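Shown next, in C-alpha cells, is the structure this report addresses.
Numbering (the working numbering), first residue to last: 63 to 680.
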C-alpha cells in the first residue's frame with residue numbers, strides 16, 4: 063500500500079538479533095497503524111496472563127497511517143501490556159519521533175530482555191543494538207543531551223530512573239518534553255534494559271495521488287494556521303485548561319474533593335499566568351508540520367534552580383491543583399522533575415494528592431512517611447515524594463506503583479483513591495458532565511480522558527445517562543481513528559477530511575463508515591483479550607467511590623457522576639448493547655466480530671464469554 067513502508071522491524075534483545083518482516087496489506091487494511099496495529103501485534107503475540115514485566119511481554123512503537131504526512135500528524139503510539147493495570151495499554155506521544163520512525167518502518171517491536179543496558183539506533187531502514195551502560199541511571203534531560211551530541215538530527219525516546227526501577231507509573235519521554243505517559247510503559251522498557259530508542263530521519267513513504275494530496279495539505283494547513291476559531295489554542299495551548307475545568311466543576315483540585323474552585327485560584331495555574339514565563343521554544347519543542355503549534359515553553363526559577371519545560375494542562379492540574387499547590391513556578395518545576403525522572407505526571411500528582419488527603423484526615427503521619435508532611439499545598443514534601451517515588455525509597459516505594467497499590471499496601475484510604483482498573487484518573491472530574499463517567503468506566507486502558515466525551519455538555523442530573531451513550535460511542539470511535547491515523551486531537555479535522563486524506567494517501571477509497579468499523583473492531587479485540595486475562599466487566603467497569611459523592615459547591619453542586627446506581631447500570635447496558643457486546647457481561651458477541659469482518663476473533667470471543675460467565679456464576 064502507498065503511505066506505508068510495508069515493513070516491521072523486530073528486535074529480540076535476548077538473542078541480540080534484529081529481523082525485518084513484511085507488513086501484509088490485509089493487516090494494514092484491518093488495523094490501519096498506530097493504536098490499531100499496536101493492539102493487533104500485542105493481541106497476537108502476548109497471551110492473556112503474561113506478566114507485564116516479564117521477558118514474554120513485548121513493546122510496540124507504531125506511527126499512525128498518516129503520521130508525518132498531513133498537518134498536525136506527529137503521533138507515535140506506544141503499546142504494550144501495562145504493568146500498572148495488566149491491560150493492553152497504549153499511550154501516544156507527539157513531535158518528531160513518530161514521523162522519523164515512519165521514515166523507516168510501520169512498527170518497531172521490542173521483545174525479550176537484554177543482559178545489560180542498551181539503546182536502539184534506527185537509521186537507513188535498519189536497527190542496531192548499542193551499549194547504554196554509560197546512560198543507565200541518568201535523567202532524561204542528560205540522556206537526550208548526550209545522545210544528541212552523537213546523533214544531532216535524531217529524535218529520542220528514553221526512560222528515566224523510574225523506568226529503570228520498574229515503577230508501574232513510569233513513562234516514556236520523547237525529546238525531553240513529550241511523553242507516552244500512561245500505563246507505566248516506561249517500566250516495560252526498563253524491564254528489558256532498554257534505556258532509549260534513537261531514530262534518525264528516514265524516507266517519508268510516498269502517497270498515491272501526490273498532487274491532490276499536496277493541494278489538500280496546503281488548504282488545511284492554511285485553514286488551521288489562520289482560522290480565528292483556533293486562536294485560543296495558538297496562544298495558550300492547553301495551559302488555560304484549569305480555568306475551564308474549575309468553572310465547570312470538573313477540576314481535580316484537592317484530590318477531586320473540590321472540583322469547583324474560584325477563578326482567582328484557578329488562574330494562578332492557568333493561561334495568562336503561564337504566559338508570564340513563556341520563552342522561545344527550543345528547536346525540538348514545536349511540531350514542524352503542525353499549523354497550530356500550541357505547545358507553550360516556559361522558563362522559571364524555583365528555589366534557586368532555573369529550568370525550562372513544556373507544561374500542559376494535565377500536568378499542571380495534577381501536579382498542582384490535585385495536590386493543592388497553586389504556585390506556578392513550583393508546579394512547572396515538578397513537571398520538569400517528573401519528565402527528568404520518567405514518571406507519569408498524571409499518576410504522580412494523583413497519588414501524591416491522595417497521600418496529602420490521607421495526611422489531612424489524620425490517616426498517615428510522620429512515623430510512616432518518614433518526614434513531616436503538612437498536607438495540601440506542601441511544595442517541599444511534593445518534591446521530596448517525587449524523588450522518592452522514582453528511587454523506590456522509603457514511602458516512595460509504597461507510592462511508586464500508583465494510587466491503587468498504595469492504598470492497598472497501607473490498608474486504608476482506598477475509598478478516596480481515584481482510579482479505574484488501577485489507572486489514576488486524569489484532570490477531569492466527570493461529576494460535571496452527564497454520562498462522562500461511563501467513558502472512564504468502559505475505556506480500554508482504565509481512566510482516560512481520551513476515550514470519548516458525550517455530547518452535549520450537560521450535568522448528570524439533567525437527564526438519564528443512557529440518552530447520551532450514542533454520542534459517547536461516536537466520540538470514542540473518533541478518538542480511536544485519530545490514534546490509528548496518528549493525528550492530534552487538538553487539530554480539529556472532521557472525520558470526512560481524514561477519510562479523504564487517507565484515500566488520497568493509500569490510493570484506496572476509504573469512508574468514515576469503514577474507519578469507524580476499524581475503531582469498533584480494535585476496541586472489541588482489546589476487550590476480548592482483557593476478559594480472557596482478568597477483567598470481569600460487570601464487576602470492573604465501575605467508577606471510584608469519590609465520584610458517587612455529590613459535588614459540594616459550584617455549578618455542579620449536588621451532582622454525582624450518575625443520579626443513582628440504576629442510572630449507571632442502564633447507561634452501561636446501553637453502551638454494551640450498541641457496541642454489539644453482551645448486554646450484561648460486557649464481552650463482544652461472536653456474531654459482532656463476524657459482522658465487522660473480523661471473524662478470526664470469533665473463537666476468542668466465545669471463550670471470553672464463557673470465562674466471564676463462570677466468574678460471575680451465570
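C-beta: ideal position from N, C-alpha, C; glycine also. As the structure is a computational prediction, the values presented were derived from the model and not from experiment.
Alpha carbon of residue i to alpha carbon of residue j, nearest angstrom
i: residue 663; j: residue 640; result: 19 angstroms
i: residue 701; j: residue 320; result: Any answer about residue 701 is impossible in this case: the structure gives the chain only from 63 up to 680.
i: residue 391; j: residue 338; result: 11 angstroms
i: residue 40; j: residue 381; result: In the structure as shown, the chain starts at 63 and stops at 680, and residue 40 therefore has no counterpart that could be examined.
i: residue 545; j: residue 352; result: 16 angstroms
i: residue 279; j: residue 678; result: 52 angstroms
i: residue 558; j: residue 578; result: 11 angstroms
i: residue 146; j: residue 231; result: 7 angstroms
i: residue 607; j: residue 224; result: 29 angstroms
i: residue 112; j: residue 120; result: 10 angstroms
i: residue 67; j: residue 141; result: 20 angstroms
i: residue 609; j: residue 210; result: 45 angstroms
i: residue 343; j: residue 650; result: 46 angstroms
i: residue 599; j: residue 117; result: 28 angstroms
i: residue 621; j: residue 605; result: 15 angstroms
i: residue 274; j: residue 139; result: 28 angstroms
i: residue 272; j: residue 165; result: 17 angstroms
i: residue 439; j: residue 327; result: 13 angstroms
i: residue 659; j: residue 160; result: 29 angstroms
i: residue 542; j: residue 436; result: 42 angstroms
i: residue 407; j: residue 238; result: 14 angstroms
i: residue 638; j: residue 530; result: 13 angstroms
i: residue 134; j: residue 305; result: 25 angstroms
i: residue 105; j: residue 300; result: 33 angstroms
i: residue 525; j: residue 519; result: 12 angstroms
i: residue 5; j: residue 348; result: Outside the shown range of the chain, which is 63 to 680, sits residue 5, and nothing can be said about it.
i: residue 562; j: residue 657; result: 25 angstroms
Assumed close pair residue i, residue j - CB separation to whole angstroms, cut-off 8 angstroms
i: residue 246; j: residue 144; result: 6 angstroms
i: residue 235; j: residue 100; result: With a Cβ gap of about 19 angstroms, residue 235 and residue 100 do not count as contacting.
i: residue 65; j: residue 313; result: Contact flag wrong, Cβ pair sits at about 40 angstroms.
i: residue 128; j: residue 573; result: At roughly 16 angstroms, the Cβ-Cβ gap does not stay under 8 angstroms, so residue 128 and residue 573 are not in contact.
i: residue 253; j: residue 452; result: Not a contact, Cβ separation roughly 16 angstroms.
i: residue 94; j: residue 580; result: 6 angstroms
i: residue 418; j: residue 317; result: 7 angstroms
i: residue 371; j: residue 412; result: Between residue 412 and residue 371 the Cβ distance is about 19 angstroms, and since that is not below 8 angstroms, they are no contact.
i: residue 194; j: residue 171; result: Actually they do not touch by this definition, with Cβ atoms about 19 angstroms apart.
i: residue 399; j: residue 448; result: 5 angstroms
i: residue 255; j: residue 176; result: 4 angstroms
i: residue 482; j: residue 471; result: Between residue 471 and residue 482 the Cβ distance is about 19 angstroms, and since that is not below 8 angstroms, they are no contact.
i: residue 516; j: residue 503; result: Not confirmed; about 12 angstroms, so no contact.
i: residue 484; j: residue 425; result: Not confirmed; about 21 angstroms, so no contact.
Exposure of residue i, with buried meaning 16 or more beta-carbon neighbours within 10 Å
i: residue 513; result: buried
i: residue 368; result: exposed
i: residue 433; result: exposed
i: residue 311; result: buried
i: residue 331; result: buried
i: residue 601; result: exposed
i: residue 289; result: exposed
i: residue 324; result: exposed
i: residue 680; result: exposed
i: residue 592; result: buried
i: residue 84; result: exposed
i: residue 334; result: exposed
i: residue 77; result: exposed
i: residue 465; result: buried
i: residue 410; result: buried
i: residue 81; result: exposed
i: residue 540; result: buried
i: residue 214; result: exposed
The beta strand (DSSP E) enclosing residue i, as first and last residue numbers
i: residue 519; result: First-last for residue 519: undefined, no H or E at that position.
i: residue 82; result: 79 to 84
i: residue 74; result: 69 to 74
i: residue 193; result: 188 to 193
i: residue 383; result: Here residue 383 belongs to no beta strand (DSSP E), and DSSP marks it neither H nor E.
i: residue 169; result: 169 to 173
i: residue 153; result: 150 to 155
Element boundaries [alpha helix (DSSP H), containing residue i]
i: residue 502; result: 498 to 504
i: residue 294; result: 293 to 298
Near the ligand ATP: residue i beta-carbon under 8 angstroms from a heavy atom
i: residue 618; result: In terms of ligand content, the structure shown is empty, and the ligand ATP therefore cannot be addressed.
Every unbroken beta strand (DSSP E) within the stretch 216 to 275, with a cutoff of 3 residues, ordered by chain: Entirely contained in the stretch 216 to 275, the beta strand (DSSP E) runs reaching 3 residues are, in chain order, 217 to 220, 234 to 236, 240 to 242 and 256 to 261.
Completely contained beta strand (DSSP E) runs for the stretch 340 to 371, where each covers 3 or more residues: Listed in chain order, the complete beta strand (DSSP E) runs (minimum 3 residues) inside the stretch 340 to 371 are 360 to 364 and 367 to 371.
Start-end ranges of the alpha helix (DSSP H) lying completely within the stretch 609 to 673, minimum 4 residues: Here the runs fully enclosed are 627 to 640 and 652 to 658.
Uninterrupted beta strand (DSSP E) stretches inside the stretch 92 to 144 (no shorter than 3 residues): Within the stretch 92 to 144, the complete beta strand (DSSP E) runs of at least 3 residues are 121 to 125 and 138 to 143.
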